[in-house]
Amino acid sequence: MKFPTTIAGSLPKPAWLAEPEKLWGAWRAEGAELDRLKRDATLLWLKLQEDYGIDIVGDGEQSRIHFVHGFLEQIEGIDWDKKTAMGIRNNRYVVEVPTVTAPIRRKQAVHAREAAVAREHTKRKLKFTLPGPMTICDTIADGHYGRRADMAMAFARALNEEARELEALGVDVIQFDEPAFNVFMGEVVDWGVPALEAAIAGLKCETAVHICYGYGIEANIKWKETLGEEWRQYEAIFPALNKSAVGGVSLECAGSKVPISLIRLLSDKQILVGAIDVATSRIETPEEVAAVMREAMQHADSERLQCSTNCGLAPLPRGVAEGKLAALGAGARLLRGL
Ligand code: ZN
């Protein structure tokens, strides 16, 4: 089937699971009760994705608050009490981050349980998202390795162990989220892509990397205002990605200043075209989704195109997120002539 639909990753958490309309809203419960609520929310979103015509579904990241810390919590070598103030994404915002103080080692399976729950409850293709090694290194301070490239390789090995387990559980697509790729373009070529390849080494399932301009939060909106009339960050990194082992690239297109012709640089890859803008609560029409895809079709064969969202939908009101999923599914049906 042409133009399969998918989501970049996160979906809003129901108000009974976590504080709504917050990027990192606090959990409403703890212990076994929290586990039950996470499972219920995962089931709910799987059903809704199916109903709205999403072909490659995900768990909507209902079991983690933060897309990086959810993984790091099960990693040895991190001192969570040793906070270091760090300018994230090249000083776009400063936060106190935990510090790596010893060799990185995965203590145990991180996301196995939630992946198994999702697998058990849908027959559709299942995607699971993990943070990419470069973005992890931009979210945590290095007090041990001395070189970010070395720390990235250590995280890549831990991610690879995790990814192989998820594949064995029946996950069809593993996607690594690398928003930092759009910020440190030179380093992406030097060590970002090699670390990504180390993270996907040996996987037989489909793989993808998601590179966006971030959630629709204020710091990101302000940063975008500094990027000028055309956002050409992808131009610096797509050639290296096209030569890499990763199967697909998920990128931001809708409502952005990215020249869509840049996908010509991904001639050997699946392209997950962001046809839903996550920085606005306005719900796209199916025709608008189809229009973004038609523009993409002028630069890549349609067999390689998937309809996706620009980024996660987590901070949006639930009704808006549902409306956007419905528009994505309906837009793909328009393209298929159904
Ligand atoms: Zn994103």
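Be aware that the sequence shown starts at 3, since it is given in our numbering, and climbs by one per residue.
We put the beta carbon where it would ideally sit given N, CA and C, even for glycine.
None of these values were measured; they are calculated from a predicted model.
As the crow flies, the alpha-carbon of residue 69 is around 8 Å from that of residue 63. Scanning the stretch 152 to 233 for uninterrupted beta strand (DSSP E) segments of 3 residues or longer gives 175 to 179 and 208 to 213, listed from N- to C-terminal end.
Going by beta carbons, residue 246 and residue 199 fall inside the 9 Å limit. Judged by beta-carbon spacing, residue 233 lies beyond the 9 Å limit of residue 217, meaning their Cβ atoms are not closer than that value. Under DSSP, residue 308 shares a beta bridge with 274.
The beta carbon of residue 44 sits closer than 8 Å to those of 61, 62, 64, 65, 116, 119, 120 and 123, all from its chain and outside the five residues before and after it, given in chain order. For residue 212, the Cβ falls inside the 8 Å cut-off from some heavy atom of the ligand ZN. In this chain, the alpha helix (DSSP H) harbouring residue 288 covers 288 to 299.
A residue is called buried once 16 or more other Cβ atoms fall within 10 Å of its Cβ, and residue 243 is buried on that count.
Taking all protein chains shown into account, residue 99 has 16 or more neighbouring C-beta atoms within 10 Å of its C-beta and is therefore buried. With a cut-off of 8 Å, the C-beta of residue 140 is classified as distant from the ligand ZN, since no heavy atom of the ligand falls inside that distance. Cβ contact annotation for residue 25 (same chain, cutoff 8 Å, sequence separation greater than five): 217, 219, 316 and 317, in chain order. Scanning 93, 178 and 191 for the CA closest to the CA of residue 224 turns up 93. Counting along the chain, residue 77 sits inside the beta strand (DSSP E) bounded by residues 77 to 89. Beyond the five residues adjoining it in sequence on each side, residue 31 comes within less than 7 Å, by CB distance, of 39 in the same chain, given in chain order.
The Cβ atoms of residue 142 and residue 102 sit closer than 9 Å to each other.
Where residue 95 is concerned, there is no enclosing alpha helix (DSSP H), although the beta strand (DSSP E) around it starts and stops at 95 to 108. In this structure, the ligand ZN has a non-hydrogen atom nearer than 8 Å to the beta-carbon of residue 217. Residue 10 places its beta carbon 9 Å or farther from that of residue 229. The straight-line gap separating the alpha-carbon atoms of residue 56 and residue 50 is approximately 9 Å. Proximity of the stretch 332 to 340 to the stretch 283 to 291 meets the contact definition, three or more beta-carbon pairs being nearer than 8 Å.
Residue side-chain check: residue 181 places its Cβ nearer than 8 Å to a non-hydrogen atom of the ligand ZN.
As far as DSSP is concerned, residue 49 takes part in no beta bridge. Using a Cβ distance threshold of 9 Å, residue 255 and residue 312 count as a contacting pair. Counting along the chain, residue 326 sits inside the alpha helix (DSSP H) bounded by residues 320 to 338. Taking C-beta atoms as the reference points, residue 283 and residue 241 fail to come closer than 9 Å. The DSSP-derived three-state label of residue 20 is strand. Bounds of the beta strand (DSSP E) holding residue 131 are 127 to 133. In this structure, residue 239 lies near residue 194, with their beta-carbon atoms less than 9 Å apart. Contact annotation, residue 322 with residue 285: C-beta distance approximately 6 Å; criterion of less than 8 Å satisfied. Just so you know, the alpha carbons of residue 145 and residue 77 end up roughly 15 Å apart. Shown here, residue 140 sits in coil according to DSSP, grouped into three states, outside any helix or strand.
As computed with DSSP, residue 253 is found in a beta bridge with 213 and 275.
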